Amino acid sequence: MANLNVSVFGAAGKMGATTCQAINSDDSMTLRLGVDANQVGTLIPGTSLQIQGTVENLEGIDVIVDFTVAEAAMENLKLVAQAGVHAVVGTSGISEEHLSELTKLFTNSNCIIVPNFSISAILLMHLSEIATPYFSTVEIIEFHHNNKIDAPSGTALATAEKISQNMTKDLRDPTTDLALEGARGAKAQGNIPIHSVRMEGMLAH
């Protein structure tokens, strides 16, 4: 198997750092570049690579992994597409408009958007979609640690999207009297309420 040269964007974050560690432990891959605006100059553990603040040169890179934020990811991916490099994107908040733009950008290489890398989460989304015709109401409650910066999570949004595609009509909220704005959660596709909980001690539920 050919050795893959990999670059990680968001290398100092939880997922980015874990990805760097996984690449370092795999003989079929080599970490060539780590980018993170928050930790410029910091050594990536287990390597002699210093984290860079910007993406300047992707020469020799086969694939990038992006765990940043949606706005930064889109700017990064424009450069990645121009360089003809493949992309794996685990960043939350990639919208339908972003997907449309990425489809046009990536003509000479591939790009995959992955809301969640967990097999159990992927099964959850798939089974939720299958079960939709058998239920008249649905709400999504997602729990994450208190350091997660985005809400709702990309997984919650992707789950709502899959469920809504199997609904015959949008949900109707029966609540007519709200004592607090937002008490019924944010409304996703299909008018599906999503409730995002952020607490110490949580991981991803």
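Residue numbers (our numbering): 1 to 205. Even glycine gets a Cβ: it sits at the ideal position worked out from N, Cα and C. Model, not experiment: these values are computed from the prediction.
- It is roughly 22 Å from the alpha-carbon of G84 to the alpha-carbon of G16.
- In the displayed model, M125 falls within a helix according to three-state DSSP.
- In the three-state reduction of the DSSP assignment, V80 falls in the helix class, which pools H, G and I.
- The Cβ-Cβ distance between Q21 and L33 does not fall below 8 Å.
- Linking K14 to N24 through their CA atoms gives a straight-line distance of about 16 Å.
- A direct Cα-Cα distance of roughly 8 Å separates N76 from F9.
- For V65, the closest alpha carbon among the candidates S100, N110 and T47 is that of N110.
- A buried status is given to M74, since no fewer than 16 other beta-carbon atoms sit within 10 Å of its beta-carbon.
- In the three-state scheme derived from DSSP, where H, G and I count as helix and E and B as strand, N57 is classed as coil.
- Taking the Cβ atoms as the reference, S7 lies roughly 20 Å from S92, outside the contact range of under 8 Å.
- Beta-bridge partners assigned by DSSP to E142: S196.
- Here P115 is buried. Its C-beta has 16 or more other C-beta atoms within 10 Å.
- Cβ neighbours of I122 within its own chain (closer than 8 Å, five residues either side excluded): N116.
- The distance from the Cβ of A160 to that of I194 is about 6 Å, consistent with a contact at the 8 Å cut-off.
- For M15, the uninterrupted alpha helix (DSSP H) run begins and ends at K14 to N24, by DSSP.
- Your pair D177 and N191 does not check out as a contact, with CB atoms roughly 18 Å apart and the cut at 8 Å.
- For T155, the number of other beta carbons within 10 angstroms of its own is at least 16, and it is reported as buried.
- The straight-line gap separating the alpha-carbon atoms of I61 and I163 is approximately 37 Å.
- Here L99 is not near I112, since their CB atoms are 8 Å or more apart.
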